Each structure stands twice: as C-alpha cells, then as structure tokens.
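In what follows, a single structure is set out as structure tokens and then discussed.
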Amino acid sequence: MKVSRYTRTLHFLCLDLEQSHLYINEIENLLSIPMYRMPPGEIMCINKKQSNRILLVDYKQLPDLFQAFPNLAVLWKNFEIILFNVEKPLQTQEIIRFGHLKGLFYCSDTKPKIAEGITRIINGENWLPRKITSQLLFYYRNIVNISTCPVTVDLTIRELQVIRCLQTGASNTQIAEDLFISEFTVKSHLYQIFRKLAVKNRVQAIAWANQNLIS
2 MKVSRYTRTL HFLCLDLEQS HLYINEIENL LSIPMYRMPP GEIMCINKKQ SNRILLVDYK
62 QLPDLFQAFP NLAVLWKNFE IILFNVEKPL QTQEIIRFGH LKGLFYCSDT KPKIAEGITR
122 IINGENWLPR KITSQLLFYY RNIVNISTCP VTVDLTIREL QVIRCLQTGA SNTQIAEDLF
182 ISEFTVKSHL YQIFRKLAVK NRVQAIAWAN QNLIS
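Residue numbering for the sequence shown follows our numbering, starting at 2 and increasing by one per position.
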C-alpha cells in the first residue's frame, strides 16, 4: 500500500540562492520530490494556513542565519524542522527552540541515510536520535508534572524578564547582556525563580513558562 505524502513540500533554508549547494544537490538527487531553495526573508511571505511544509536547516549556518534574521525562530514556527550537519548532541533548551523538530542528522550521517530519513519524514514519521527523543520526553513530562502549578506566582518584573530570556535559550551571559545586569545578579534571579516556581532547573522553569505565560 502506497504511503500518502500529504502534499508536503520540502524547503532548504539558505542565505544565498546563487550558491551551488552541491551537498544539498546530492541529497536531492536521492529523493523522490523536489527540494526548493528558500532564503529566510521568504518565510515571512509564506501563507500561515498552508500546512505540511518542511524546512531543512544546516545547523552550521545557524549563526549567520540568526545574524541576518534575529527573529528567525519565530518565523519558522509554521514549519516542520529538519536539522543536518549537527556536530554533537544538543542541550534540551536548544532543541525546544526549533519548535516542531521532525528530524536531526549529525555530521557523521551519510547522504543516503539523510535522504532515507527525509523520505520517512515526508511520509509522516519522525527521524530523531534516541537521545533527542529521550530529552523531549523528559521535557514534556516536566510540563505534565507542573501543569497543576498555579498560574498566579509572585514574580517580579525582572524575574519575568529573566524567564522570557530563558525561553529563548539564552545563557546566563546572554541574559546579563540583554538586561544590562551582572551574571551574579542573573544567578540570584534564577535562584528566586526556581524557589517560587518549585522547580529544580532551567528546563522545568521553561516548561512552566511555556505552560502558564502568555506569548
């Protein structure tokens, strides 16, 4: 029985449409559907009602992509995300930044393996390493565990700002720079936040924020 592809479209996120992207061309030749090249600016023009769009992202290009388009993580929320060229296992805080992450491939993965994984994703499956899957299960289990936590918590404005920074995956150093405070002050705020929310770590605090704070 033939598996339906749900009219899914595959897009490769790239800064320069004129670049040859030989690596991507070789993967595309192993697929049964075309892979469209998409610069980040075009994401804003995509119809939000159009579903089943898959965005292939080169992990090594993320610094340049975010430098050119700081709001990229917001813009690609309407896409299913596939990461490739990942050098090492990612922290949970970084994984959840990618929203609907459907696939992840490391630098060591071969082109045929990547093509096979993409094909499975096109057919409606996930293709995530076991460690990544375990991290996501743990994260969402935390959400369930704190779902009964009262929404009304006595957080200061600065503590709320710190939580918002946590949701973006920012480090203590980045939070300090964004809020013009010292790292010591950031750590002090985090201690108070964890205590007030009755959570043990950043992941649980982010889970609480995603569940209870209005975007």
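Backbone N, C-alpha and C fix where the C-beta goes; we use that ideal spot for every residue, glycine too.
Owing to the predicted nature of the structure, the values given are computational and were not obtained by experimental measurement.
Q) Straight-line CA distance for Val187 to Gln62? A) 29 angstroms
>> I'd like the list of long-range same chain contacts for Thr10, defined as Cβ closer than 6 angstroms, with 5 residues on each side in sequence excluded.
In response: Arg54
**Message:** Closest to Glu88 by C-alpha separation, out of Leu105, Val75, Pro35, Met39, would be which residue?
**Reply:** Leu105
Practice item. Could you tell me whether the Cβ atoms of Lys114 and Glu81 are closer together than 8 angstroms? Key: no
Three-state secondary structure assigned by DSSP to Glu19 | coil
Identify whether His12 lies in helix, strand or coil by the three-state DSSP scheme. strand
What are the boundary residues of the beta strand (DSSP E) that Asn86 is part of? 81-87
Tell me which residue opens and which closes the beta strand (DSSP E) that Leu58 is part of.
One detail in the question is off: residue 58 reads as Val in this sequence, not Leu. Note, Val58: beta strand (DSSP E), 54-59.
Under a Cβ-count criterion, where at least 16 other Cβ atoms within 10 Å of its own Cβ denotes burial, should Ile158 be classed as buried or exposed?
exposed
Where Leu138 sits in the DSSP three-state scheme: helix
For a quick check, are the C-beta atoms of Ala210 and Ile164 less than 8 angstroms apart?
yes
How is Asp65 classed by DSSP in three states: helix, strand or coil?
helix
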